[in-house]
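As given, the protein sequences belong to chains A and B, one line each in that order. Quick note on the working numbering: the first sequence kicks off at 1 and runs consecutively. Quick note on the working numbering: the second sequence kicks off at 225 and runs consecutively. Heads up, the beta-carbon is just placed ideally off N, CA and C, and yes, glycines get one too. Model, not experiment: these values are computed from the prediction. To keep things clear, I will list the structure first and then write my remarks on it.
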Amino acid sequence: MTVPTIQTAGLTKGYGDICALKPLDLQVAEGEWLSVMGHSGSGKSTLMNLVGGLDRPSGGSLSVGGQDLSALSEDGLARFRREFVGIIFQQHHLVPYLSAVENVMLSQYFHSVPDEAEARLALERVGLGHRLKNRPGELSGGEQQRVCIARAIINSPKLLLGDEPTGNLDHKSTVMVLELLKELRAEDRFTVVLVTHNEEVAAWGDRTIYLDDGVLVREERLRS
Amino acid sequence: MNRRRWLIKLLLAALAHRTGRTLLLLSVLAMASSLATALGVVSLSMGKRVSEEVRKYGANLVVVPAAARLEVGSGGLNFGAISDPAYLDQGRVEKALASGGLKAERSFHLRGALRMKDADVLVEGVNFADVRRLFPWWQLRGGWPGPGETVVGSDLAQRLKLKAGDTVELTGTAQTLKLKVSGVVVTGGEEDDLFFLALPELQGALGLPGQLTEVRLLVSAEGDTLKDKAAALQPLLPDAKVREVRQIARTSEGLLAKVKLLMTLVTAVVLISAGSSVTGTMSTTVLERSREIGLMKAIGGTRWEVLLIFCGEALLLGVVGGVVGYLLGSGIAVFITRTVFSAAPEFIPWLSAVSLAVSLFLALLGSVGPMISVFKLDPVRSLRGE
Numbered sequence: 001m002t003v004p005t006i007q008t009a010g011l012t013k014g015y016g017d018i019c020a021l022k023p024l025d026l027q028v029a030e031g032e033w034l035s036v037m038g039h040s041g042s043g044k045s046t047l048m049n050l051v052g053g054l055d056r057p058s059g060g061s062l063s064v065g066g067q068d069l070s071a072l073s074e075d076g077l078a079r080f081r082r083e084f085v086g087i088i089f090q091q092h093h094l095v096p097y098l099s100a101v102e103n104v105m106l107s108q109y110f111h112s113v114p115d116e117a118e119a120r121l122a123l124e125r126v127g128l129g130h131r132l133k134n135r136p137g138e139l140s141g142g143e144q145q146r147v148c149i150a151r152a153i154i155n156s157p158k159l160l161l162g163d164e165p166t167g168n169l170d171h172k173s174t175v176m177v178l179e180l181l182k183e184l185r186a187e188d189r190f191t192v193v194l195v196t197h198n199e200e201v202a203a204w205g206d207r208t209i210y211l212d213d214g215v216l217v218r219e220e221r222l223r224s
Numbered sequence: 225m226n227r228r229r230w231l232i233k234l235l236l237a238a239l240a241h242r243t244g245r246t247l248l249l250l251s252v253l254a255m256a257s258s259l260a261t262a263l264g265v266v267s268l269s270m271g272k273r274v275s276e277e278v279r280k281y282g283a284n285l286v287v288v289p290a291a292a293r294l295e296v297g298s299g300g301l302n303f304g305a306i307s308d309p310a311y312l313d314q315g316r317v318e319k320a321l322a323s324g325g326l327k328a329e330r331s332f333h334l335r336g337a338l339r340m341k342d343a344d345v346l347v348e349g350v351n352f353a354d355v356r357r358l359f360p361w362w363q364l365r366g367g368w369p370g371p372g373e374t375v376v377g378s379d380l381a382q383r384l385k386l387k388a389g390d391t392v393e394l395t396g397t398a399q400t401l402k403l404k405v406s407g408v409v410v411t412g413g414e415e416d417d418l419f420f421l422a423l424p425e426l427q428g429a430l431g432l433p434g435q436l437t438e439v440r441l442l443v444s445a446e447g448d449t450l451k452d453k454a455a456a457l458q459p460l461l462p463d464a465k466v467r468e469v470r471q472i473a474r475t476s477e478g479l480l481a482k483v484k485l486l487m488t489l490v491t492a493v494v495l496i497s498a499g500s501s502v503t504g505t506m507s508t509t510v511l512e513r514s515r516e517i518g519l520m521k522a523i524g525g526t527r528w529e530v531l532l533i534f535c536g537e538a539l540l541l542g543v544v545g546g547v548v549g550y551l552l553g554s555g556i557a558v559f560i561t562r563t564v565f566s567a568a569p570e571f572i573p574w575l576s577a578v579s580l581a582v583s584l585f586l587a588l589l590g591s592v593g594p595m596i597s598v599f600k601l602d603p604v605r606s607l608r609g610e
């Protein structure tokens, strides 16, 4: 039996008096695609931030890739993120003064050594081999999201997190991005946790969990 | 591409992206360091220049005999003071000056009264070569005297109706001198009422060989104060009094000190203003780039690694600002020293390091607050734009 990539037990997160995530027990298997559904304020982004090592739990246990994240220091969490996690943001968050290839190389810089050939290859994998030198302002929303995906996969992460990665895209671009993620997962065999409020997007995953007011209210397995 | 090259490329791209703000920061840093450079050069050049200017006013130290002074009075009445005529021994003075290691130009004087017809006239024996060097403001109508010749002060010449080419007979206690007037001197001072002749001739006429009534010294006003130099010389001449020619010496020293203080204060104010300006601009930059900072942390940059990028930007600006400031400051210094002091500025190589240090110090000090924000910034909140 393989060790789950993500394992939580009684995981909670509070901000002052507000409890954003109530005790949550969750396991995500290696290579699984988990979709996290819920309305705004349901706790889905909080869960993603905790799993990605961007935030610290208030209680319970959280293990990702066999590492107890609550035991890591702030810089330890940063090192965990660069070694283990790739993140795709809804807003892309590309550096405006860097070209597409340089944005990908920025992730390499924090991980190890910037390698332009590898960064080019990553952009070619997401279909942007012809847009290497373009800056984010010169790219469409879908293209920017693909640069964001290239940046997320460049360091061969074990876990890919998407926070509403298609939230700002039209239907065509959404399908294109999800197809791409599916292909990349098949090749690289990373685990995907994708936060969305769109049923169609969630349906691309193997399993969907539904959060409401910080509580896991429903779970649906779509494929094994 | 190695990490260092990539970092420099990243820094340059970030600075180029915010051209306006980068230029503003560079201008502030360059202005502050150029001012420090210019004032440094001017201040150092000024000390030398003022010293040279003071030289034009002649001697700044005077050595006179410490004459015995006796108060005369009786029954509560004071009739004043009498003092024995006292002289300095020329040989002892020369020896004292040599042993004191005092670098000074000197002029030996003997003043006394000689009889001309049936009246006494004041006569001063000098070395005319020294006089010409130390008292350049003397205006002479006629020529400088040779052996057997004299120059006469303008007021005295007018009273005695003397002019260049006339002959006078001056009688002392030991000799009578028959002298030809070679010229008439105008100084605007007491010299206008005196005869001047060669020192050995007057010493001979008065029967005072090797004796002096006054030694005038011109020492450099740089470094130690004149008061210190006078104090150092005094023990070597126990039978004499070493005095400053206070008016000029003190004024030049005081003026120099005040101008330097003013320059220091102006520099301090400018540096404080520049530091505040750097802090303000860097704070705005960090605020604007909070999402970028959050992203860097989210994709795996540790707090120190992200901080290094922003410190690198500040350092780069500091270096460029320092170099530009030094060049600009040197130009300003040339302009000021040429227009105000009519002199070439004195360039001091280590001022380039000072300029660079000022710029770097301001860039880093001004960035401390913003850098703390960079260090503490929470990636989740900054990516949400909070």
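Is any beta-carbon of chain B found at less than 9 Å from that of residue i?
i                      : result
residue 211 of chain A : no
residue 13 of chain A  : no
residue 4 of chain A   : no
residue 89 of chain A  : yes
residue 221 of chain A : no
residue 96 of chain A  : yes
residue 146 of chain A : no
residue 130 of chain A : no
residue 151 of chain A : yes
residue 155 of chain A : yes
residue 64 of chain A  : no
residue 85 of chain A  : yes
Kindly indicate which residue of the options has the alpha-carbon position closest to the one of residue i.
i                      : options                    : result
residue 603 of chain B : B:579, B:518, B:580, B:531 : B:518
residue 435 of chain B : B:502, B:335, B:478        : B:335
residue 99 of chain A  : A:209, A:128, A:25, A:77   : A:128
residue 588 of chain B : B:504, B:574, B:573        : B:504
residue 206 of chain A : A:146, A:213, A:219, A:215 : A:219
residue 187 of chain A : A:170, A:223, A:167, A:122 : A:122
residue 535 of chain B : B:550, B:243, B:343, B:586 : B:586
residue 176 of chain A : A:113, A:142, A:156        : A:142
residue 491 of chain B : B:405, B:450, B:582, B:394 : B:582
residue 645 of chain B : B:591, B:560, B:595        : Because chain B spans 225 through 610 in this model, residue 645 of chain B falls outside it and cannot be assessed.
residue 31 of chain A  : A:93, A:154, A:6           : A:6
residue 44 of chain A  : A:164, A:168, A:171        : A:164
residue 283 of chain B : B:330, B:241, B:590, B:325 : B:330
residue 190 of chain A : A:156, A:174, A:199, A:48  : A:156
Using beta carbons (cut-off 9 Å, strictly below), is residue i in contact with chain A?
i                      : result
residue 529 of chain B : yes
residue 492 of chain B : no
residue 241 of chain B : yes
residue 607 of chain B : yes
residue 227 of chain B : yes
residue 238 of chain B : yes
residue 574 of chain B : no
residue 532 of chain B : no
residue 231 of chain B : yes
residue 495 of chain B : no
residue 541 of chain B : no
residue 234 of chain B : yes
Please report the Cβ distance between residue i and residue j, rounded to the nearest whole angstrom; I am assuming they are in contact, meaning their Cβ atoms lie under 8 Å.
i                      : j                      : result
residue 441 of chain B : residue 287 of chain B : 7 Å
residue 259 of chain B : residue 494 of chain B : 5 Å
residue 407 of chain B : residue 367 of chain B : 5 Å
residue 15 of chain A  : residue 237 of chain B : Not quite, the Cβ-Cβ distance comes to about 36 Å (not below 8 Å), so this is no contact.
residue 36 of chain A  : residue 159 of chain A : Not really, about 13 Å apart at Cβ, beyond 8 Å.
residue 397 of chain B : residue 431 of chain B : 5 Å
residue 58 of chain A  : residue 12 of chain A  : 5 Å
residue 379 of chain B : residue 416 of chain B : 4 Å
residue 153 of chain A : residue 184 of chain A : 6 Å
For a test of your reading of the model: does the CB of residue i fall under 8 Å from any non-hydrogen atom of the ligand MG? Yes or no.
i                      : result
residue 505 of chain B : Only the bare structure without any ligand can be found here, which leaves the ligand MG out of the picture.
### Where the region 500–526 of chain B meets chain A: residues whose CB sits under 9 Å from a CB there
Within the region 500–526 of chain B, the qualifying residues are 515, 516, 518, 519, 520, 521, 522, 523, 524, 525, 526.
### Task
Anything in the region 101–118 of chain A with a Cβ closer than 9 Å to a Cβ of chain B? List those residues in chain order, please.
Correct list: 102, 105, 106, 107, 108, 109, 110, 111, 112, 113, 114, 115, 116.
### Query
Can you list, in chain order, the residues of the region 589–604 of chain B whose Cβ is nearer than 8 Å to any Cβ on chain A?
Of all residues in the region 589–604 of chain B, 603, 604 have a Cβ within less than 8 Å of some Cβ in chain A.
### Message
Tell me which residues of the region 68–82 of chain A have at least one Cβ-Cβ distance to chain B shorter than 8 Å, keeping chain order.
### Response
Here the close residues are 74, 75, 78, 79, 81, 82.
### Task
Using a Cβ-Cβ cut-off of less than 7 Å, give me the residues of the region 26–57 of chain A that come near chain B, in sequence order.
Within the region 26–57 of chain A, contact with chain B at the beta-carbon level (separation under 7 Å) is assigned to 49, 54, 55.
### Query
Which ranges does the alpha helix (DSSP H) cover as unbroken runs of at least 4 residues, wholly within the region 432–515 of chain B, from first to last along the chain?
Residue ranges of uninterrupted alpha helix (DSSP H) with 4 or more members, entirely inside the region 432–515 of chain B and ordered along the chain, are 450–457, 470–512.
### Message
If the cut-off is 9 Å on Cβ atoms, which residues from the region 193–210 of chain A count as contacting chain B, listed in chain order?
### Response
Cβ contacts with chain B: none found.
### Against chain B: residues of the region 162–187 of chain A by CB proximity under 8 Å
Contact annotation: in the region 162–187 of chain A, no residue has its CB less than 8 Å from a CB in chain B.
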